[in-house]
DNA sequence: CGGCGGATTGATATAGGTCAAAGAGGGTGG
DNA sequence: CCACCCTCTTTGACCTATATCAATCCGCCG
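Protein chains in written order, with the UniProt record's numbering: chain A, 1 to 240; chain B, 1 to 240.
Printed below as a string of structure tokens:
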């Protein structure tokens, strides 16, 4: 019965949706949610599928329901840098701008719930709390971006890789116990992506990972599955 | 007479204030502006004066009226990275958090207009447009941070220095003609600061500057005053 | 079994860091 | 007014972390 009370008037599409609680949809009234749900559509995307191109006009915004999105920028000669990773239930898209400054690409299998730009903008105008949530997420992303700037500018390759593993562990280890000592997960990124994220080359990534493995700090199976035996010990290698 | 019409009801403190137009105060009604002005205070700060310490609680927010603020982070062993520069009429402070994640320090002579935290938060609650402006500024800062991540992760020392000079030129050259070919300004940062900003050492900064000078792309007088003869030619060196 | 896209490993090169020594102003006190 | 000093900057010589180039290797799919 409790379920009925709580989901009264909640669109079917949204009933079991994570974004309704921790995501931006949490700021909407049942009515608004219903309106938005009418023009929204859930869909999936395969790894490496490009969601929004650099300098491409933005016609849809999305919530990430599961998976990881990578945001990247490319210099004219092809050098690439990943400038953000987004996880469920983040909001994907750059409000108030006709075109994106980054390329958004599925890093893993992805489930998205997308809305037409106009619908989101209308909601934003009539529901200030939506803007508030967006501001909160944007501030969080800015804080993260600044942490990464320290990492990019001042950390050694070894520290970068350790920091990266910790960041992933915190964001996608399914065993979401906040004060655990251990973690295990599938890397959402290839070695090439990790390199583009850390500002290194794929060879350096590989060498640092083997070093950590040799020292018994991590285990790697099937190239992608990582187990961290002691998060604190790894954190000591992260530099900050 | 026009002046009278436009400044009707505008607090004396704010009449000639840039932040009332381009800054966040532009979102306030004359009434709200008056209320805020009552608890706000204009003041100055000398270069290298620390405004907000890392992990320090935030009691005041400010508008930057003139000068440059540097935001930095420091690793436990002292390595430092500048993660943001703010110029007039930016809003200074991290909303919705009891403590700052960065150290804010005056890079140059500074004029600030500060408000108690409570006053700003009250305004924010009653005037959604204020949050909107804040969101806009935060998104702008995020865009910048991402550009810098590309710079930190993927550009060479030469490209970093060129990018830095262009960034400063765009932000503080007083001759604010947008489609000019040339620029001149005083560097708001010492070589050490530039190094901390670009993730390099002060020696490398110095060498790259002398190289640019030797090639006739820039002139430097009194260590701080820089003249860029041809912005486009310098932009070719910036990499993107 | 062969081919193919990662990933690892090794040998070598180099951009930028480190260490050390001079300049270059610019303020201060005699 | 000059001599000294202090801080910032430049320049030079050398070193090292990471890039680059080049083989394998490994798992997987046809």
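Positions of the beta carbon are idealized from the N, C-alpha and C atoms, including for glycine.
Please work out which residues of its chain come closer than 8 Å, Cβ to Cβ, to residue i, disregarding the five sequence neighbours upstream and downstream, and give them in chain order.
i, result
"residue 2 of chain A", "Interpretation of residue 2 of chain A is limited by its pLDDT of 47, a score under 50 that renders its predicted location unreliable; the figure taken from the coordinates is listed afterwards. Taken in chain order, the list of residues that qualify is empty."
"residue 20 of chain A", "10, 14, 26, 33"
"residue 60 of chain B", "93, 114, 115, 116, 117"
"residue 30 of chain A", "8, 9, 10"
"residue 213 of chain B", "219, 220"
"residue 80 of chain A", "72, 73, 74, 196"
"residue 216 of chain B", "229"
Going by beta carbon distance, what residues of the same chain come within less than 7 Å of residue i, once the five residues before and after it are set aside?
i, result
"residue 224 of chain A", "186, 187"
"residue 200 of chain A", "157, 160"
"residue 155 of chain A", "163, 239"
"residue 56 of chain B", "99, 100"
"residue 202 of chain B", "191, 192, 195"
"residue 37 of chain A", "11, 13, 14"
"residue 206 of chain B", "191"
"residue 18 of chain B", "65, 88, 89"
Could you check whether residue j and residue i sit closer than 8 Å to each other, using their CB atoms as the reference points?
i, j, result
"residue 87 of chain B", "residue 172 of chain B", "yes"
"residue 64 of chain A", "residue 89 of chain A", "yes"
"residue 110 of chain B", "residue 44 of chain B", "yes"
"residue 218 of chain A", "residue 182 of chain A", "no"
"residue 241 of chain B", "residue 153 of chain A", "Because chain B spans 1 through 240 in this model, residue 241 of chain B falls outside it and cannot be assessed."
"residue 54 of chain B", "residue 102 of chain B", "yes"
"residue 16 of chain A", "residue 58 of chain A", "no"
"residue 123 of chain A", "residue 130 of chain A", "yes"
"residue 67 of chain A", "residue 108 of chain A", "yes"
"residue 149 of chain A", "residue 192 of chain B", "no"
"residue 166 of chain A", "residue 209 of chain A", "no"
"residue 169 of chain A", "residue 231 of chain A", "yes"
"residue 142 of chain B", "residue 142 of chain A", "yes"
"residue 128 of chain B", "residue 128 of chain A", "yes"
"residue 175 of chain B", "residue 139 of chain A", "no"
DSSP has residue i in a bridge; who is on the other side?
i, result
"residue 23 of chain A", "The partner list for residue 23 of chain A (beta bridge, DSSP) is empty, contrary to what the question assumes."
"residue 63 of chain B", "B:91, B:113"
"residue 120 of chain A", "Per DSSP, none; premise fails for residue 120 of chain A."
"residue 52 of chain A", "A:104"
"residue 45 of chain B", "B:110"
"residue 186 of chain B", "B:225"
"residue 57 of chain A", "A:99"
"residue 72 of chain B", "B:82, B:103"
"residue 219 of chain A", "A:227"
Whose C-beta lies closer than 6 Å to the C-beta of residue i among residues of the same chain, with five residues either side of it excluded?
i, result
"residue 50 of chain A", "105"
"residue 82 of chain B", "70, 72, 196, 197"
"residue 204 of chain A", "157"
"residue 240 of chain B", "none"
"residue 120 of chain A", "61"
"residue 133 of chain A", "24, 27"
"residue 42 of chain B", "113"
"residue 177 of chain A", "none"
"residue 126 of chain A", "none"
"residue 52 of chain B", "100, 104"
"residue 237 of chain A", "162"
"residue 189 of chain A", "107"
"residue 40 of chain A", "113, 115"
Taking only runs of the beta strand (DSSP E) that begin and end inside the stretch 116 to 168 of chain B, which ones reach a length of at least 3 residues, in chain order? none
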